[in-house]
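> Before anything else, here's the structure in question.
2 protein chains.
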Amino acid sequence: MINSGRDRILQAAAELFAANGFTATTTRDIAERAGIKQPSLYAHFKVKSDILRELLLETLRPGVERGEALAAETGRPARDRLTELLDFDIRVLFTGRRSVAVLGVLPEVRAGQFAEAHQLRERLRDAYAGLSREVLTELGHPPGDEYLKRIAGIVFAVVESISLRRYEDPDLDVEDAVRDTTTAILRILGA
Amino acid sequence: MINSGRDRILQAAAELFAANGFTATTTRDIAERAGIKQPSLYAHFKVKSDILRELLLETLRPGVERGEALAAETGRPARDRLTELLDFDIRVLFTGRRSVAVLGVLPEVRAGQFAEAHQLRERLRDAYAGLSREVLTELGHPPGDEYLKRIAGIVFAVVESISLRRYEDPDLDVEDAVRDTTTAILRILGA
DNA sequence: GTCTATACTGTGATAGAC
DNA sequence: GTCTATCACAGTATAGAC
Numbered sequence: 109m110i111n112s113g114r115d116r117i118l119q120a121a122a123e124l125f126a127a128n129g130f131t132a133t134t135t136r137d138i139a140e141r142a143g144i145k146q147p148s149l150y151a152h153f154k155v156k157s158d159i160l161r162e163l164l165l166e167t168l169r170p171g172v173e174r175g176e177a178l179a180a181e182t183g184r185p186a187r188d189r190l191t192e193l194l195d196f197d198i199r200v201l202f203t204g205r206r207s208v209a210v211l212g213v214l215p216e217v218r219a220g221q222f223a224e225a226h227q228l229r230e231r232l233r234d235a236y237a238g239l240s241r242e243v244l245t246e247l248g249h250p251p252g253d254e255y256l257k258r259i260a261g262i263v264f265a266v267v268e269s270i271s272l273r274r275y276e277d278p279d280l281d282v283e284d285a286v287r288d289t290t291t292a293i294l295r296i297l298g299a
Numbered sequence: 109m110i111n112s113g114r115d116r117i118l119q120a121a122a123e124l125f126a127a128n129g130f131t132a133t134t135t136r137d138i139a140e141r142a143g144i145k146q147p148s149l150y151a152h153f154k155v156k157s158d159i160l161r162e163l164l165l166e167t168l169r170p171g172v173e174r175g176e177a178l179a180a181e182t183g184r185p186a187r188d189r190l191t192e193l194l195d196f197d198i199r200v201l202f203t204g205r206r207s208v209a210v211l212g213v214l215p216e217v218r219a220g221q222f223a224e225a226h227q228l229r230e231r232l233r234d235a236y237a238g239l240s241r242e243v244l245t246e247l248g249h250p251p252g253d254e255y256l257k258r259i260a261g262i263v264f265a266v267v268e269s270i271s272l273r274r275y276e277d278p279d280l281d282v283e284d285a286v287r288d289t290t291t292a293i294l295r296i297l298g299a
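Line by line, the protein sequences are chains D and L. Those letters in the first sequence? Residues 109 to 299, per the working numbering, in order. Those letters in the second sequence? Residues 109 to 299, per the working numbering, in order.
As structure tokens, this is what we get:
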């Protein structure tokens, strides 16, 4: 059901969380935007944080799956696989029916509670790190662990920044974002 | 006074805001970390948001001043000036006695209220955009307005990501951060 | 599954003594 | 400028009827 009550709630919450943060968004705000009364939320979610929890998992899972598959794949240049992951990941952020944006970067997500989402994010980061290592190696510059960690940190930051960039410029075009981001990241890696 | 009550409050608040966000940080949390009782905060700040306000302005002002000066300067390669701004800006984030980190990216900062800080952030972004345009031009690729906006968005995102990267790896070394970030950004610009 | 009514708690902020 | 005491309100969540 695309427009079920539950879905309306998730949609509304995603937009509000992205705009104002988790704690600053009240259950009343969410309910109002979803077109129901505040207590009705609790017919769908046990507690407020479960809404964010579901949004986070939903947003992260596709990228993690694809990322780990691509990182494990062999026999194809890492550069191509990294490009493919970026393409996939960025499109999820744009075409997902939610404006899931910034969610992964919300400070509240770091503080306890959302361990599962945090873990998924780590796995996605690892996928990017693994592909980055391979790309660097292909280019004749196999990185040390320390250096890889730092450079992959920047790469992942650029990926995650898409949410914020899109938030600040709602007209940002998907194709532009995919192309610019991919180019930037390949250049950061020295390609 | 480096350890005046007021300063202890700012220090405590900066750390808590960065870790948990603005709304999720209570005035009691701040007071406790500052070693005073909650109502004593109000001898120093009229309202809670004034604490964040001051932290934001304090963090942004030096970079803005330096950035606008460097962007206006002529007769020196833009590449050198951009490098200098990055060096300065990143060191402020690291050596500032506050862990001002993520503050600029807090969602709550976007929603109304902190207009002055928002404006400073725009000016800093403009300084980076201006220098980026010059660098691209020096390289023989004068950008169109649209392209510049997008590429400068990525550049600025990399700069701002330092806060988060440092938060996630508190051992991150200043010199490494300066070098890696500068290299990444110059590469993004095609240098 | 949605509503009205409401309980309970946490939070920002003030009053006023020291 | 710090404290204790306290207020007023906002916010999450529950109860129970429809």
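Ideal placement from N, C-alpha and C gives every residue a C-beta, glycine not left out. Here the structure is a predicted model, which is why all the values come from computation and not from measurement.
Taking a contact to mean a Cβ-Cβ separation below 7 Å, would you say L/G129 touches D/P215 in this structure?
By one-based count along the second sequence, residue 129 of chain L stands at place 21. By one-based count along the first sequence, residue 215 of chain D stands at place 107. Closer than 7 Å, so yes.
> Skipping 5 residues on each side, what residues in its chain have a beta carbon closer than 8 Å to that of D/T191?
In the first sequence, the residue the question calls residue 191 of chain D occupies position 83. Within the same chain, D/T191 has close Cβ partners T290, L294.
> Taking Cβ-Cβ distances shorter than 7 Å, what residues in chain D pair up with L/I296?
The sequence position of residue 296 of chain L within the second sequence is 188, counting from 1. A292, R295, I296, listed in chain order.
> Just verifying my parser: in three-state terms, what is the DSSP assignment at D/E181?
Residue 181 of chain D sits at position 73 when you count from the first residue of the first sequence. Coil at D/E181, not helix or strand.
> Any chance the region 266-286 of chain L sits against the region 260-275 of chain D, with 3 or more Cβ pairs inside 8 Å?
yes
> For L/R169, which residues in the same chain have their Cβ closer than 7 Å to its Cβ, ignoring the five residues on either side in sequence?
Walking along the second sequence from the start, residue 169 of chain L turns up at place 61. Hits under 7 Å: L228.
> Return the CA-CA distance between L/V160 and L/L118, expressed in angstroms with no decimal places.
Numbered from its first residue, the second sequence carries residue 160 of chain L at position 52. Numbered from its first residue, the second sequence carries residue 118 of chain L at position 10. One detail in the question is off: residue 160 of chain L reads as Leu in this sequence, not Val. Cα-Cα distance, rounded: 8 Å.
> What does D/P170 reach in chain L if we use C-beta pairs closer than 8 Å?
Looking up residue 170 of chain D in the first sequence gives position 62. Chain L residues near D/P170: none, gap ~22 Å exceeds 8 Å.
> Look at L/D197 and L/G171 and say whether their C-beta atoms are less than 7 Å apart.
Walking along the second sequence from the start, residue 197 of chain L turns up at place 89. Walking along the second sequence from the start, residue 171 of chain L turns up at place 63. It is a contact, given that the beta carbons lie within the stated cut-off.
> Along chain L, in chain order, which residues have C-beta atoms closer than 8 Å to that of D/I262?
Walking along the first sequence from the start, residue 262 of chain D turns up at place 154. The contacting residues are V266, S269, R273, D288, T289, A292.
> Given that D/V213 touches chain L, what residues does it touch there, using C-beta distances under 8 Å?
In the first sequence, residue 213 of chain D corresponds to position 105, counting from 1. Using a Cβ-Cβ cut-off of 8 Å, D/V213 is close to V213, L272 of chain L, given in chain order.
> Run through chain L and tell me which residues come within less than 8 Å of D/E216, C-beta to C-beta.
Working through the first sequence from its first residue, we reach residue 216 of chain D at position 108. Per Cβ cutoff of 8 Å: N128, G129, A132.
> With three or more beta-carbon pairs closer than 8 Å as the criterion, would you say the region 145-161 of chain D touches the region 238-251 of chain L?
no
> Would a C-beta distance cut-off of 7 Å place L/L201 and L/R189 closer than the cut-off?
Locating residue 201 of chain L in the second sequence gives position 93, counting from the first residue. Locating residue 189 of chain L in the second sequence gives position 81, counting from the first residue. Cβ distance not < 7 Å, so L/L201 and L/R189 don't count as in contact.
> Please list, in chain order, the residues of the region 247-261 of chain L that have any C-beta partner in chain D closer than 8 Å.
K257, R258, I259, G261
> Among the residues of its own chain, which have a CB less than 7 Å from the CB of L/A225, if the five just before and after it don't count?
Residue mapping note: residue 225 of chain L aligns to position 117 of the second sequence, counting from 1. Same-chain partners within the cutoff: R161, L164, L165, L168, V217.
> In whole angstroms, give me the CA-to-CA distance for L/L232 and L/E173.
By 1-based counting over the second sequence, the position of residue 232 of chain L is 124. By 1-based counting over the second sequence, the position of residue 173 of chain L is 65. Looking at the two C-alpha atoms, the distance is approximately 8 Å.
> Nearest-angstrom Cα distance between D/R287 and D/A186?
If you number the first sequence from 1, residue 287 of chain D lands on position 179. If you number the first sequence from 1, residue 186 of chain D lands on position 78. Approximately 17 Å between the Cα atoms of the pair.
> Measuring only between beta-carbons, confirm whether D/D299 sits less than 7 Å from chain L.
Looking up residue 299 of chain D in the first sequence gives position 191. The residue asked about is misnamed: residue 299 of chain D is Ala in this sequence, not Asp. Judged by the 7 Å Cβ criterion, D/A299 is not in contact with chain L.
> Using a Cβ cut-off of 9 Å, pull out every chain D residue sitting near L/A219, in sequence order please.
In the second sequence, the residue the question calls residue 219 of chain L occupies position 111. In chain order: A127, N128, G129, A132.
> Pick helix, strand or coil for L/Q119, following the three-state DSSP scheme.
Taking the first residue of the second sequence as 1, we reach residue 119 of chain L at position 11. Note: L/Q119 maps to helix in three-state DSSP.
> Below 7 Å on C-beta distance, what does L/D284 contact in chain D?
Sequence index remark: in the second sequence, residue 284 of chain L carries index 176 (1-based). Here the neighbours are R258.
> Which whole-angstrom value describes the C-beta separation of L/I296 and D/A260, a residue pair presumed to lie in contact below a C-beta threshold of 8 Å?
Position 188 of the second sequence, counting from 1, holds the residue named residue 296 of chain L. Position 152 of the first sequence, counting from 1, holds the residue named residue 260 of chain D. About 16 Å separates the two Cβ atoms, so there is no contact after all.
> What are the start and end residues of the alpha helix (DSSP H) that includes D/K257?
Stepping through the first sequence from its first residue, residue 257 of chain D is reached at position 149. For D/K257, the uninterrupted alpha helix (DSSP H) segment begins and ends at 253-276.
> Measuring only the C-alpha atoms, how far is L/K257 from L/N111?
Sequence index remark: in the second sequence, residue 257 of chain L carries index 149 (1-based). Sequence index remark: in the second sequence, residue 111 of chain L carries index 3 (1-based). Between L/K257 and L/N111, the C-alpha separation is close to 42 Å.
> Buried or exposed: where does D/T203 fall if 16 or more other Cβ atoms within 10 Å of its Cβ makes it buried?
Position 95 of the first sequence, counted from the start, is the residue given in the question as residue 203 of chain D. By the 10 Å Cβ count, D/T203 comes out exposed.
> What's the C-alpha gap between D/E246 and L/G298?
Position 138 of the first sequence holds residue 246 of chain D. Position 190 of the second sequence holds residue 298 of chain L. In a straight line, the C-alpha of D/E246 is about 20 Å away from that of L/G298.
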